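> Dropping the structure in here first, questions after.
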Amino acid sequence: MSEQIQQIKVTIDDQTIMVDPGTSILSAARQIGGNVVPPAMCFYSSLKGSGGKCRTCLVEVSAGSEKDPRPMPKLVASCSTNVMDGMIVKNKTSDRVLDARKGVVELLLINHPLDCPVCDQAGECSLQDLAFEHGASHSRFEFERREFDQIDIGEYIKLHMTRCILCYRCVYTANQLTDNREHGVLKRGDASEIGTFIENSLDNEFIGNVIDVCPVGALTDKTFRFRSRVWYTKPMDASCSCGKCSGNVVLWMIGDEIARVTARKDKYGEVKEFICNDCRFNKKELSDWKIEGPRHIDRHSVISANHYEKAAPTHTPLLNKA
Amino acid sequence: MSRKLLLNNVHVEGIHTYDVYRKSGGYAAVEKALKSMTPEEVVEEVKKSGLRGRGGAGFPTGMKWSFIAKPEGVPRHFLCNADESEPGTFKDRYLMEKIPHLLIEGMILSSFALGCEQSYIYIRGEYMYVLRILEKAIAEAYQNGWLGKNIKGSGFNLELSVSPGAGAYICGEETAMIESLEGKRGNPRMKPPFPAIQGLWQRPTVVNNVETICAVVPIVNEGGEAYAGVGIGRSAGTKLISASGNINKPGVYEIEMGITVEEFIYGDQYCGGIKNGKKLKACVPGGSSVPILPHYLVCKTAEGTDRLMSYESLSEGGFATGSMLGSGGFIVYDEDQCIVRNTWNFARFYHHESCGQCSPCREGTGWMEKVLHRLEYGHGKIEDIDLLWDIQRKIEGNTICPLGDAAAWPVAAAIRHFREEFEWHVKEPNTCMTRNYGLVTEKVFDKVNA
Amino acid sequence: MENQNIENIQFPKELLDEVKRITSLFPEGKQKSALIRVLHIAQAHFGYLSAPVMDYVARLLLIQPIEVYEVATFYSMYDTQPVGKVKLEVCRTGPCMIEGAEKLVSYIEKKLGIKDGETTEDGVFTLKTVECLGACGYAPMLQAGEKFHEHLTEEKVDVLIEQYRLNPVANYMGQE
Numbered sequence: 004m005s006e007q008i009q010q011i012k013v014t015i016d017d018q019t020i021m022v023d024p025g026t027s028i029l030s031a032a033r034q035i036g037g038n039v040v041p042p043a044m045c046f047y048s049s050l051k052g053s054g055g056k057c058r059t060c061l062v063e064v065s066a067g068s069e070k071d072p073r074p075m076p077k078l079v080a081s082c083s084t085n086v087m088d089g090m091i092v093k094n095k096t097s098d099r100v101l102d103a104r105k106g107v108v109e110l111l112l113i114n115h116p117l118d119c120p121v122c123d124q125a126g127e128c129s130l131q132d133l134a135f136e137h138g139a140s141h142s143r144f145e146f147e148r149r150e151f152d153q154i155d156i157g158e159y160i161k162l163h164m165t166r167c168i169l170c171y172r173c174v175y176t177a178n179q180l181t182d183n184r185e186h187g188v189l190k191r192g193d194a195s196e197i198g199t200f201i202e203n204s205l206d207n208e209f210i211g212n213v214i215d216v217c218p219v220g221a222l223t224d225k226t227f228r229f230r231s232r233v234w235y236t237k238p239m240d241a242s243c244s245c246g247k248c249s250g251n252v253v254l255w256m257i258g259d260e261i262a263r264v265t266a267r268k269d270k271y272g273e274v275k276e277f278i279c280n281d282c283r284f285n286k287k288e289l290s291d292w293k294i295e296g297p298r299h300i301d302r303h304s305v306i307s308a309n310h311y312e313k314a315a316p317t318h319t320p321l322l323n324k325a
Numbered sequence: 017m018s019r020k021l022l023l024n025n026v027h028v029e030g031i032h033t034y035d036v037y038r039k040s041g042g043y044a045a046v047e048k049a050l051k052s053m054t055p056e057e058v059v060e061e062v063k064k065s066g067l068r069g070r071g072g073a074g075f076p077t078g079m080k081w082s083f084i085a086k087p088e089g090v091p092r093h094f095l096c097n098a099d100e101s102e103p104g105t106f107k108d109r110y111l112m113e114k115i116p117h118l119l120i121e122g123m124i125l126s127s128f129a130l131g132c133e134q135s136y137i138y139i140r141g142e143y144m145y146v147l148r149i150l151e152k153a154i155a156e157a158y159q160n161g162w163l164g165k166n167i168k169g170s171g172f173n174l175e176l177s178v179s180p181g182a183g184a185y186i187c188g189e190e191t192a193m194i195e196s197l198e199g200k201r202g203n204p205r206m207k208p209p210f211p212a213i214q215g216l217w218q219r220p221t222v223v224n225n226v227e228t229i230c231a232v233v234p235i236v237n238e239g240g241e242a243y244a245g246v247g248i249g250r251s252a253g254t255k256l257i258s259a260s261g262n263i264n265k266p267g268v269y270e271i272e273m274g275i276t277v278e279e280f281i282y283g284d285q286y287c288g289g290i291k292n293g294k295k296l297k298a299c300v301p302g303g304s305s306v307p308i309l310p311h312y313l314v315c316k317t318a319e320g321t322d323r324l325m326s327y328e329s330l331s332e333g334g335f336a337t338g339s340m341l342g343s344g345g346f347i348v349y350d351e352d353q354c355i356v357r358n359t360w361n362f363a364r365f366y367h368h369e370s371c372g373q374c375s376p377c378r379e380g381t382g383w384m385e386k387v388l389h390r391l392e393y394g395h396g397k398i399e400d401i402d403l404l405w406d407i408q409r410k411i412e413g414n415t416i417c418p419l420g421d422a423a424a425w426p427v428a429a430a431i432r433h434f435r436e437e438f439e440w441h442v443k444e445p446n447t448c449m450t451r452n453y454g455l456v457t458e459k460v461f462d463k464v465n466a
Numbered sequence: 182m183e184n185q186n187i188e189n190i191q192f193p194k195e196l197l198d199e200v201k202r203i204t205s206l207f208p209e210g211k212q213k214s215a216l217i218r219v220l221h222i223a224q225a226h227f228g229y230l231s232a233p234v235m236d237y238v239a240r241l242l243l244i245q246p247i248e249v250y251e252v253a254t255f256y257s258m259y260d261t262q263p264v265g266k267v268k269l270e271v272c273r274t275g276p277c278m279i280e281g282a283e284k285l286v287s288y289i290e291k292k293l294g295i296k297d298g299e300t301t302e303d304g305v306f307t308l309k310t311v312e313c314l315g316a317c318g319y320a321p322m323l324q325a326g327e328k329f330h331e332h333l334t335e336e337k338v339d340v341l342i343e344q345y346r347l348n349p350v351a352n353y354m355g356q357e
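Protein chains in written order, with this note's numbering: chain A, 4 to 325; chain B, 17 to 466; chain C, 182 to 357.
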């Protein structure tokens, strides 16, 4: 780099870090890591325009900047608010934030079916994790929950709209990874739904990625549905030489059988390299893949409960350390 | 008799036509501005006038104008927000229907001041017949050389047209309106960037309400200082008030800001008092989203001073004992009206109008409606009142756009001032049913007793 | 109402010209801005916005069909299902409610033998309650086509319904 970028200072929950200008509060918090990172249900780094909608990442800005140290009157969405030099942010240290977040979680859950025992996403569901950490033990919502019919969108993807939290990630994915957009958000308010309107199949080569970006069990892989709870599977990093995508995937194994193929996610649940449908849905033989080693699974996830972490083999440079 | 600046000619026969409007002094302000003023001077007059946005937020117009970015080679746009949808408000429709050329004249002046050559009026789809009136007037303005290329030899060009919505309250929020004008769903945008930097088609954009734009005409005609001399303090000029509810003379009134609320409700030249000799129970002074005031806080503030029709006086006491001027949708309730029923009705409105983009509003507005419905129809529990308070608190301030606040405030204010009436709905549901639904109650009683 | 066979979905020349005029109000490449207005025209002409009608509009404006579906299902004025020739849209919000909108709706329901949201068997009337139409001072009111009917009473509704029954044209223009 020829020019040194003048970095700016931001303090989040009493931890200070220097970041590049234009960095969002959320991204600065992720650079610090650990407890100061707000949860994010809709923001997705690689999807342009995502974020701001779920409101779980709200934080308190107790000083706007060095120049103008006034606090911001409202809580702000950390994913879509950029840091200023000298900004002071409170996340876990703010009662206002914790209270608002608890409220958002409660609101996200009022219409969400509590069908985790039969939901394929259980164990790797962001909403489940969020509810566990910030939710209340019971719901005060005493009305019928919203329901939609399940829809097959194409051969491989099941849309279970009842579980959707309208993060819009799949819409941005379909919009940005594929040429012809066929699915979007229909209707409005709490009747909004993700759909294609006329049940078009989504048969684009990269459309399978909508499954991976979905934070809940609204979009699931039909080749894997009801085959196994994810925590009974063994995730392995694997790769293949694919002409369409990087070929870097995670294989979810039951014994020697490949039950499911997904892209690799970092610790914030984000896919860094999207994979093609061919890798995801069609390559289910061990001979299709070069196994690199066991996948690191974050300790907080129920998936890690069923197997011990083995030391990563040193000869696998592609291993994602996330 | 207070002064009129916008509606002084409204009763002139044929004022909606170009010829009559012109003969009554119309387009003089455009003539003056194009001949003898620079755009900066027009902005300056608007700043001096103290004009504040008439759509609801009351933001100083001159200041809003000064925020517009002026990057080289990028067109800017000026937009008129005619998406009037706030329950209780119907003044913009009245203005556009009666004196369409006043809005067009204001559009020309504002576009000139901001250096915009392509301007749009975004009107709610339900006002399609008003759109046709405006289009006819715009065609007349083109024919007479007030729109188009090189207007009256000044070198200023302006293309003006009208574009409709199709039924969405949220499009009154300026970034949702911009999205809608781009042919999309009316989902408000995240801010920043503000429209002044990236608005319509990512270009610098200013959005103003119909009445605000119309007010630029008398400001240019008479000068900013003269305008600032009308009204009271920081509430400069006149305001159109849409009066509805249980009053003798509902309708649109132009008032000089600073008259007392008492005069407005009971004065013969305004609402003419409460209908059928009944007593005042409550008042929503600025459109459905502002806090409702109980009768003892309508004409007097908590301090006991006269409450005035102005931004400051109506909000005196904060949300604890005050409200807001808002869009000037003045709804009056007599002693027979039920606050719970009204709050439920408004909650249903916001539930229906939530765009669904962010979770607190999408989920919270529906929940509030359901709880209020239960209370209103006699199935409520005493804890529901605190539950409602808690839900509204979790929506307010936590959403992308102000619709969340607009949904939360009326619920909060109703509980704040009328908690007893909510409790009464729980304790004596049948009495409330009889009062609210009169003869139809038989069926309702069955439901309640089932 | 026109037949909704795909082959028949085509604006007549004067409407195509109108679409061209509306599109020309926006800069080059921003023709999507005409969408909301074109959908109004399509709905008035074809009766409602079926999927083939929306696909046709998408082709006219050179956009993806989903962009049309997203918009058509967002705004409350659009019908994506068949409706009667005359839509009676009664305002139910606050100020209209306190002036008796609910009673008026019950009256119309009884008179036409349909419920809110339904269409009469002869396909003439659809009754719909809607949110604030900006006529609060002239309550109660209903909108039929583009026309506002205000200060309504049961007697006025009787006359109205008779008029529309005799001459069920969807697009009444102008105001009372």
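Even for Gly, the Cβ is constructed at its ideal location relative to N, Cα and C.
Given the structure is predicted, the values throughout are model-derived calculations rather than measurements.
My output table needs one value for Q179(A): the three-state DSSP class, helix, strand or coil.
Three-state result, Q179(A): helix.
> Flag this pair as yes or no: are the beta carbons of H163(A) and A221(A) separated by less than 8 Å?
Contact: yes.
> Could you tell me the distance, in whole angstroms, from the CA atom of I411(B) to the CA atom of I257(A)?
C-alpha separation (whole angstroms): 45 Å.
> I want to verify the contact list: residues of chain A whose CB lies under 7 Å from the CB of E251(C), in sequence order.
Under the 7 Å cutoff, chain A gives G187, V188 and L189.
> Give me whichever residues DSSP pairs with S251(B) in a beta bridge.
Paired residues: I248(B).
> Using the Cβ count rule (16 or more neighbours within 10 Å means buried), how would you classify I190(C)?
Answer is buried; the Cβ neighbour count reaches 16.
> Pick out whichever of W425(B), V442(B), I416(B) and M325(B) has its Cα sitting closest to the Cα of E270(B).
It is M325(B).
> Measure the alpha-carbon distance for E127(A) versus L243(C) and round it to whole angstroms.
E127(A) and L243(C): Cα-Cα distance of roughly 40 Å.
> In chain B, what lies closer than 8 Å to K275(A) by C-beta?
Correct list: empty, because the minimum Cβ distance to chain B is about 24 Å.
> Within the continuous beta strand (DSSP E) that includes L50(A), where are the two ends?
Neither: L50(A) is in no beta strand (DSSP E) and is coded neither H nor E.
> Using DSSP with H/G/I as helix, E/B as strand and the rest coil, what is V219(A)?
Three-state DSSP puts V219(A) in coil, outside helix and strand.
> Give me the subset of the stretch 49 to 64 of chain A whose CB atoms are less than 7 Å from a CB atom of chain B, sorted by chain position.
Within the stretch 49 to 64 of chain A, the qualifying residues are G55, K56, C57, R58 and L61.
> On the CB-based measure, 16 or more other CB atoms within 10 Å of its CB, does H32(B) come out buried or exposed?
With 16 or more other Cβ atoms within 10 Å, it is buried.
> Report back the beta-carbon spacing between S68(A) and S27(A) to the nearest angstrom; my notes put them in contact at under 8 Å.
In fact, because the Cβ distance is near 15 Å, the residues do not count as touching under 8 Å.
> Comparing C-alpha positions only, which one of W440(B), A45(B) and F75(B) sits nearest to R250(B)?
Closest option to R250(B), Cα to Cα, is F75(B).
> Given that K213(C) touches chain B, what residues does it touch there, using C-beta distances under 8 Å?
In chain order: E198, G199 and K200.
> Could you check how far apart the C-beta atoms of Q408(B) and A424(B) are, in whole angstroms? I think they sit under 8 Å.
Right, the Cβ-Cβ distance comes to about 4 Å (below 8 Å), so this counts as a contact.
> Tell me the DSSP bridge mates of M322(C)?
Its beta-bridge partners do not exist; DSSP assigns none.
> Between the stretch 325 to 350 of chain C and chain B, which residues of the former have CB atoms less than 8 Å from a CB of the latter, in chain order?
Taking 8 Å as the Cβ-Cβ cut-off against chain B, the residues of the stretch 325 to 350 of chain C that qualify are E327, K328 and F329.
> Between A428(B) and M21(A), what straight-line distance do the alpha-carbon atoms span, to the nearest angstrom?
Those two C-alpha atoms are separated by around 42 Å.
> Under 8 Å Cβ to Cβ from L11(B), same chain only, skipping five residues before and after it: list those, please.
In this structure chain B extends from 17 to 466, so residue 11(B) is not present and cannot be described.
> Could you tell me the boundaries of the beta strand (DSSP E) in which W255(A) lies?
Element bounds for W255(A): N251 to I257.
> Within 8 Å of any Cβ in chain A, is that where the Cβ of Q262(C) sits?
No, its Cβ sits nowhere closer than 8 Å to a Cβ of chain A.
> When you compare each of I279(C), L341(C) and E335(C) to K328(C) by their alpha carbons, which one comes out closest?
Measuring from the Cα of K328(C), the nearest candidate turns out to be L341(C).
> Would you mind telling me which residues of chain C sit closer than 9 Å to S135(B), beta carbon to beta carbon, in chain order?
Near S135(B) there are no residues of chain C at all, since even the closest Cβ is about 11 Å away, more than 9 Å.
> Nearest to D118(A) by alpha carbon, out of P74(A), C167(A) and N178(A)?
The candidate whose alpha carbon is nearest that of D118(A) is C167(A).
> So which residues on chain C does V28(B) lean against when the C-beta distance must stay under 9 Å?
Ordered by position in chain C, no residue passes the 9 Å Cβ test against V28(B), which lies about 19 Å from the chain.
> Report the option in F135(A), A266(A) and G192(A) whose CA atom is closest to the CA atom of G382(B).
Closest by alpha carbon: G192(A).
> Are there 16 or more other CB atoms within 10 angstroms of the CB of V268(B), so buried, or fewer, so exposed?
Per the 10 Å Cβ criterion, buried.
> Mind checking if I190(C) is an interface residue toward chain A, Cβ cutoff 8 Å exclusive?
No, no contact with chain A.
> Using three-state DSSP, classify R230(C) as helix, strand or coil.
Here residue 230(C) is Leu; the residue named in the question, Arg, does not match the sequence. It is coil, neither helix nor strand.
> Which term fits H330(C), buried or exposed, when burial requires 16 or more other beta carbons within 10 angstroms of its beta carbon?
Result: buried.
> Under 8 Å between beta-carbons, which chain A residues line up against Q224(C)? List them in chain order, please.
Those do not exist, as Q224(C) stays about 16 Å from chain A at its closest Cβ, beyond 8 Å.
> My understanding is that A266(A) touches W255(A), with C-beta atoms under 8 Å, so please give their C-beta distance in whole angstroms.
About 12 Å; that fails the 8 Å criterion.
> Quick check: is the beta carbon of R378(B) nearer than 8 Å to any beta carbon in chain A?
Chain A contact via Cβ: present.
> Buried or exposed: which applies to D17(A), given that a residue is buried once 16 or more other Cβ atoms fall within 10 Å of its Cβ?
Under this definition D17(A) is an exposed residue.
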